[in-house]
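Adding 5 to a residue's 1-based position in the sequence shown gives its number in our numbering. Note that beta-carbon positions come from the ideal geometry of N, C-alpha and C, so glycine has one too. Note that the structure is a prediction, hence the values are computed from the model and not measured. Working notes for the structure below.
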Amino acid sequence: EESKAARAEQGQATILFIDEVHRFNKAQQDVFLPYVEDGTFILIGATTENPSFELNSALLSRTRVYVLKRLTEDELLQVLERGLSKLSLQFPEALQRILIQAADGDARQVLNLLEIISDLAQEQDGQLIVTQELLAEVIQVNLRRFDKQGEAFYDQISALHKAVRGSSPDAALYWLCRMLDGGCDPRYLARRTIRMANEDIGIADPRALEMALNACEVYERLGSPEGELAIAQAIIYLACAPKSNAAYVAFNAAMQDAKTHGSLEVPLHIRNAPTKLMKNLGYGKAYRYAHDEPDAYAAGENYFPEELSPRTYYRPTPRGLEAKIAERLAYFRELDKKAKKT
């Protein structure tokens, strides 16, 4: 009401600044909408998260998004110099550079570290001195950590997965180490290798899944840091392995058919017939036992429901083991064609 009165009497809008605006839930964000629309106040929100995920679409559509980039080392040095101008502290330039690198683009971190250093610095000849030992003690805690639910986390895991998919072992290794250095749980990264092996390598190299599973097992037995090497080996192997998403695509296509067509009946000839009654009903009748057929393949046999025409979900790539599988499937399809003609 005071904002409305000030606007009516003086023609001035109130500026409402909200830090960590992503902490407001959707219902709380909705409260701002009418006041933003009628100009009662100008809303400025700050957040470390992606607004696309954290803000209501209605509120987001009424705002402008400005992305603040991480500061360069020279810019952080200016921040540090401003802080030093208010302190009586002898801080060698070489050590300043180390602090800047440890801050990892974060001006707040620079000032926080400087405050800690000024509190711990020892006095020599009437002046506080920053030594290499003191600096190492202050910055020994890893500063490049990220919120495991934050955008930086998902950006880096995306980069790691895409580097593996893109067959770049060096880039994949870099992103793996970035995440380990940033405090990511190695168990999560080990589990992620299993997903990579399943989705992006598949049957082109079945050994990839074994490597991923082994990496998980080794890490559970050894822990950090020794177990992290097993994860690195798995990442390198996955990046260098032949790639195929054929099984992944086939699974999704088959799942879509299963959901679309509902509970279609199992054909009688491939039903289980453990009782005499079931056999009398025709269960299992005329079933062709593949092992008794030439090449252990019942050419022309249909295993799909009668209401669903035969599908081709799995299309193996010409890479790795799938190249051999593709040849065998092509041979079987030729047998099917011949069987239909006879």
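Endpoints, the alpha helix (DSSP H) within which residue i is located
| i | result |
| --- | --- |
| L48 | Taken as a continuous stretch (DSSP letters only), L48 belongs to no alpha helix (DSSP H), being part of the beta strand (DSSP E) at F46 to A51. |
| G88 | E78 to L89 |
| S62 | S62 to L65 |
| A303 | Careful: A303 lies outside any alpha helix (DSSP H) and carries neither H nor E. |
| C182 | P174 to D186 |
| I240 | E231 to C245 |
| R320 | Segment: none, R320 is in no alpha helix (DSSP H) and carries neither H nor E. |
| R197 | P191 to M201 |
| H266 | A251 to H266 |
Neighbour-count burial assignment, residue i, 16 or more Cβ in a 10 Å radius
| i | result |
| --- | --- |
| K91 | exposed |
| N147 | Its pLDDT being 45, under 50, N147 is placed unreliably in this model, and the coordinates cannot settle the point. |
| P39 | exposed |
| D210 | buried |
| E327 | buried |
| M184 | buried |
| Y308 | exposed |
| T347 | exposed |
| H166 | buried |
| A213 | buried |
| M216 | buried |
| Q114 | buried |
| G88 | buried |
According to DSSP, residues forming a beta bridge with residue i
| i | result |
| --- | --- |
| F22 | I49 |
| L94 | L133 |
Cβ pair residue i, residue j closer than 8 Å
| i | j | result |
| --- | --- | --- |
| A126 | L133 | yes |
| A168 | A177 | yes |
| E42 | R67 | yes |
| F22 | L64 | no |
| A258 | Y318 | yes |
| V135 | Q95 | yes |
| A224 | A252 | Checking the displayed sequence, the identity of residue 224 turns out to be Tyr instead of Ala. The answer is no: Cβ separation not under 8 Å. |
| L73 | I105 | no |
| S229 | P279 | no |
| R276 | Y288 | yes |
| G206 | S249 | Checking the sequence shown, residue 206 turns out to be Ile, not Gly. In contact: I206 and S249 (Cβ atoms closer than 8 Å). |
| T52 | V26 | yes |
| Q17 | N61 | no |
| L340 | Y302 | yes |
| Q101 | L82 | yes |
| A304 | A344 | yes |
| W180 | A202 | no |
| L218 | I199 | yes |
| I236 | A220 | yes |
Opening and closing residue of the beta strand (DSSP E) in which residue i lies
| i | result |
| --- | --- |
| E128 | Q127 to Q129 |
| L133 | Q132 to I134 |
Contact between the segment 277 to 289 and the segment 230 to 242 is defined here as three or more beta-carbon pairs at a separation below 8 Å; is this criterion met? no
- request: Decide if the segment 309 to 316 is in contact with the segment 256 to 276; the criterion is three or more beta carbon pairs, one per stretch, under 8 Å apart.
  value: yes
- Query: Within the chosen definition, does the segment 75 to 92 reach the segment 107 to 125 through at least 3 CB pairs nearer than 8 Å?
  - Reply: yes
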